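Using our numbering, the first residue of the sequence shown is number 2, and each one after it goes up by one.
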Amino acid sequence: MGTTWKTLKETFEQLRASKLQINLEKCSFGVTSGKFLGYMIRERGIEPKPDKIKALLDMKPSESYKDVQKLTGCLAALSRFISKAGERNLPFFKNLRRASKETFRWDEECAHVFDELKEYLGSPKLLSRPEPMEASSDGVISSVLIRETGAVKSLSTM
Numbered sequence: 002m003g004t005t006w007k008t009l010k011e012t013f014e015q016l017r018a019s020k021l022q023i024n025l026e027k028c029s030f031g032v033t034s035g036k037f038l039g040y041m042i043r044e045r046g047i048e049p050k051p052d053k054i055k056a057l058l059d060m061k062p063s064e065s066y067k068d069v070q071k072l073t074g075c076l077a078a079l080s081r082f083i084s085k086a087g088e089r090n091l092p093f094f095k096n097l098r099r100a101s102k103e104t105f106r107w108d109e110e111c112a113h114v115f116d117e118l119k120e121y122l123g124s125p126k127l128l129s130r131p132e133p134m135e136a137s138s139d140g141v142i143s144s145v146l147i148r149e150t151g152a153v154k155s156l157s158t159m
């Protein structure tokens, strides 16, 4: 019996001993990919669900304060897939902070950033697990790694 199945068997035995139940309709075992907590989990990593990306790509430039609130909510859900999300999304938050529902104005900066984000999210990024024993640098404490078709490149270091 494989390690995974042995672990599952032990888990089920512990659940049974503790008199706990699981909803088998909500469980998946032995699958290579699936939806989990708003993400697509695959063997190669974690991706945003396509419908979340599509919702953002289908959005039109905001015409109201409420539209920008919807946009920032959508961006918050996708923020882990957006490099420097805080920086990129700052114009929207500034716009919300300085405007009231009556004085809202979609400015040039927001329009530019909105178009850039749509282009950026047109090819969603993949969060992959780190490779054990793969160092980005001998002398740097922290680094960001991006793997592109097998090659590893260090994008930024601290």
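Ideal Cβ positions, reconstructed from N, Cα and C, are used throughout, including at glycine.
Bear in mind the structure is a predicted one, so any value in this text is a computation, not a measurement.
Run of the beta strand (DSSP E) containing E48, from where it starts to where it stops: It spans G46 to P49 - the beta strand (DSSP E) in which E48 sits, taken as one unbroken run.
May I ask you to list the residues that DSSP assigns as paired with R43? Within the DSSP secondary-structure output, R43 pairs in a beta bridge with S34 and G46.
According to DSSP, L25 sits in a beta bridge with which residue or residues? Note: L25 sits in no beta bridge, so no partner.
Ends of the alpha helix (DSSP H) at L79? Run containing L79: Y66 to L79, per the alpha helix (DSSP H) assignment.
Can you grab the Cα-Cα spacing for the pair S124 / G35, in whole Å? Linking S124 to G35 through their CA atoms gives a straight-line distance of about 20 Å.
Can you give me the C-alpha to C-alpha distance between E110 and N90, rounded to a whole angstrom? C-alpha separation (whole angstroms): 11 Å.
Just to confirm before moving on: does the CB-CB distance between E48 and L127 stay below 8 Å? Yes. Within cutoff.
Have a look at L25 and F13 and give me their C-alpha separation to the nearest angstrom. Going from the Cα of L25 to the Cα of F13 covers about 12 Å.
Hey, how far is the Cα of S129 from the Cα of I54? It is roughly 18 Å from the alpha-carbon of S129 to the alpha-carbon of I54.
Note down the Cα distance separating S84 from Y121, rounded to an integer number of angstroms. Between S84 and Y121, the C-alpha separation is close to 9 Å.
Where L127 sits in the DSSP three-state scheme: In this structure, L127 counts as coil in the three-state DSSP scheme.
By the DSSP assignment, the alpha helix (DSSP H) with R98 in it spans what residues? Run containing R98: A86 to R99, per the alpha helix (DSSP H) assignment.
Does DSSP put W6 in a helix, a strand or coil? In the structure shown, W6 sits in a helix (DSSP, three-state: H, G or I).
Does the region 57–76 come close enough to the region 16–32 that 3 or more CB-CB pairs lie under 8 Å? Short answer: they don't touch.
Count the other CB atoms within 10 Å of the CB of E11; is the residue buried (16 or more) or exposed (fewer)? Exposed, since its Cβ has fewer than 16 Cβ neighbours within 10 Å.
Between the CA atoms of L9 and E64 - distance to the nearest angstrom: Cα to Cα, the separation comes out at about 51 Å.
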